[in-house]
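Residue 376 in my numbering sits at position 368 of the sequence shown, and the numbers go up by one each step. A short write-up of the structure that comes next.
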Amino acid sequence: MKTIIQILTLIFINFSVYAQFQQNWVARHEDNNSVKCGKNIGLDQYGNVYYTGKSNVGFSGDIVTIKYNSAGVEQWAQTYNSANDDGIALAVDYFTGDVYVLGQISNGPKIFVTIKYNTNGIQQWVNLAGAQEGYPQAITLDQYSNVYITGGDQLLSGNDYYLTVKYNSSGVQQWYSRYRDNDFSRDFSKDIAVDDLGNVYVTGESLFDYVTVKYNAYGILEWSSTYDRSNSIDIANSIDVYSGSVYITGKSPLNITKYSDFDPRAIFVNGFATVKYNSNGVQQWVARYDNPNFTHSSGGKLIVKQIDDYRDESIYVTGNDNDNITTICYSSTGTIRWSNTYTNARPSSLAIDANGHAYISGFTVPLNSSNFLTLQYNLNGQLIWSDIYDGPANLQDETNSIRIDQSGNNLYVFGFSTSNSTSSDFTLIKYNRSSDNGDSFVNSSLNNYPNPFNPITKISFNLLQEGFITLKIFNILGEEIKTLIYNEYRKKGTHNIEFNAQNLPSGVYFYKLISNGNIQTQKMLLLK
């Protein structure tokens, strides 16, 4: 599902690269002086925002899932309570608003729980998975709304496994897989990705190595690949796939150790290691970020994105560099396009827009007085905007997740914020990008008629200023079908161009207009 979301983000943008974000609203969810920990957010096509997390009362925890509309008004809140439960992550169907929540139940054995709510917050189904010591980690969807979950699980025998399960949208299990690298390994999966063909990729740690596995759409293991830096402790944290290539990042020590004046024991010096595999699991390259001055460095989040300014994909990695946020952009060959470090802070999540801007959520240090931190880097890696949010108690405030919507104008940051000495609140912040007069940055209108059509339609756009434009057609998978106009000069005013889809099959298509640094996309339906 990651690839699908990235493609949709690529083709649905209409903002200016120069507009600054401003805080639009802050929504804090308060109840009964409980301690809450927000984990993950998702968006739908109508601008609604969904999140999940854990709400503690005493020694018991509940899985709480909440929906807000685009104005920050709470629409519903649902609690799942079996004993001591934890909401880990969620995935939202962008088109329907259905919400899939992954959590952990700790009523004796620790097991996986997957819950589906419809867009109105009505529970549709609940599925359990795992043996006795399960640690769910990640959930994603594919283009058909099939649900995939993964995490570490331990059997009664004490053996650890990668546990990966596929459900259809009705909650019917499609397949169930346990992966163990060898009889002596400790196996713990951390992240999951699905490509357009339904192949499933899982990465994590097996006996202190990166181990990445590929399943086909039917759950059959295709390959497994290992990255080991000189028998060190290597832990993969994040995975993404793009056009048959697989990218992983995580923590991997250097081949050096440090000694402290106060501690005679050797300390491993950790770095980021980002690995690329081809579709057959053959390693293509390893790109390392190693800072010998720091001991605690780890690549935490990775996203692959195709940016119009580059011919190949860009790989964005952010991680904790000894309480500094280091963000790196690589090319598809593993060379660094840019890197930047923000000091005295830790990262939590990463989002990328279609212009190649990177957005990082994190929090400042020290932890007992931390604040929400949000960063924006432009295509060249320059920090062009940042914001700090300090909650009402001036105590611990930490982000967990960040999302940029498909318009590129709305940015959401989620986490928890201390409200007093005994409680904290789920806290969601919306930023939007606007011009000096408060209007969204667009410089043209875009539509087509007729729509639906067969096989000819007229695409019309009205430019508010002259300039060079590009107009392209994409299919539902984000594949470019045709270029109608490429970097041609057009005067201010209304323009029309005919599109003939005689040789194309019926289906949904998108047309994207790039004009003066802005990108706009509309949908059209071909019916034959």
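For each residue, glycine too, the CB sits at the ideal point set by N, CA and C. Keep in mind the model is a prediction, meaning the values are calculated, not measured.
Residue i to residue j span [Cα, whole Å]
i: Q530; j: N48; result: 29 angstroms
i: Q86; j: W293; result: 45 angstroms
i: N508; j: E496; result: 20 angstroms
i: T343; j: L215; result: 29 angstroms
i: Y108; j: Y156; result: 10 angstroms
i: S523; j: S322; result: 22 angstroms
i: S425; j: F434; result: 7 angstroms
i: Y3; j: I467; result: In the structure as shown, the chain starts at 9 and stops at 536, and residue 3 therefore has no counterpart that could be examined.
i: Q314; j: V180; result: 34 angstroms
i: L229; j: T341; result: 27 angstroms
i: I527; j: E474; result: 15 angstroms
i: G486; j: Y420; result: 24 angstroms
Option in the options with minimal Cα separation from residue i
i: Y187; options: L205, S260 and N167; result: N167
i: I489; options: S468, N495 and Y517; result: Y517
i: Y457; options: T491, E506 and S78; result: E506
i: T326; options: Y318, I410, D398 and V290; result: I410
i: D52; options: G105, Y76, G80 and S425; result: G105
i: V81; options: Q112, V121, R36 and I392; result: R36
i: A359; options: L98, L533, I333 and K309; result: K309
i: G370; options: R441, I527, N328 and L387; result: N328
i: T150; options: L171, V134, D204 and E230; result: According to the sequence shown, residue 150 is Asp rather than Thr. Answer by Cα proximity: D204.
i: I484; options: K499, P513 and E474; result: P513
i: N286; options: N440, N32 and Y250; result: Y250
i: I368; options: Y324, S253, N190 and S377; result: Y324
i: R237; options: N224, I256 and S260; result: S260
i: C337; options: I311, S357, A201 and S356; result: I311
i: I392; options: Q131, Y350, Y297 and N376; result: Y350
i: I243; options: V283, D217, Y88 and G111; result: D217
The ligand PLP heavy atom lying under 8 angstroms from the CB of residue i
i: I119; result: Although the ligand PLP was asked about, the structure shown includes no ligands whatsoever.
Cβ neighbours of residue i in the same chain (closer than 6 angstroms, five flanking residues each side left out)
i: K62; result: C45, G69, D94 and G95
i: T502; result: N470
i: I119; result: I113, L136, G138 and G142
i: Y102; result: D52 and Q53
i: N245; result: K198, G258 and G308
i: S177; result: S153
i: W183; result: K174 and G227
i: L403; result: T426
i: S356; result: S369, G370, T407 and N408
i: N440; result: N32, N417 and N418
i: D298; result: L262 and G279
Residue burial classification, residue i (beta-carbon count within 10 angstroms, cutoff 16)
i: Y54; result: exposed
i: Y267; result: Model confidence at Y267 stands at a pLDDT of 40, short of 50, so the residue's coordinates are unreliable; what they give is reported in the following sentence. Burial call: exposed.
i: R319; result: exposed
i: A366; result: buried
i: A79; result: exposed
Limits of the unbroken beta strand (DSSP E) element including residue i
i: V221; result: Y218 to Y223
i: F469; result: I464 to L471
i: L521; result: G515 to S523
i: Q86; result: E82 to Y88
i: T478; result: G475 to N483
i: I71; result: S68 to Y76
i: Q53; result: Segment: none, Q53 is in no beta strand (DSSP E) and carries neither H nor E.
i: K124; result: K118 to Y125
i: L201; result: Reading off the sequence shown, one finds Ala at residue 201, where the question assumed Leu. From DSSP, the beta strand (DSSP E) with A201 extends over D195 to V202.
i: S377; result: Careful: S377 lies outside any beta strand (DSSP E) and carries neither H nor E.
Contact set for residue i: own chain, Cβ-Cβ below 8 angstroms, skip 5 residues either direction
i: V290; result: S233
i: N128; result: W84
i: V373; result: D331, N352, A353 and R354
i: Q162; result: A139, Q140, E141, G142, D168 and Y169
i: G446; result: For G446, the predicted model reports a pLDDT of 39, less than 50, meaning its position is unreliable and no value from the coordinates is stated.
i: S90; result: I113, N115 and V121
i: F67; result: N92
Nonlocal neighbours in the same chain, by C-beta distance under 7 angstroms from residue i, ignoring five residues either side
i: N379; result: F371, T372, I396, Y397, D398 and D405
i: I477; result: I493, E496, R498, L521, I522 and S523
i: L533; result: N459, P460 and V516
i: D248; result: K10, A201, Y255, L310, I311 and V312
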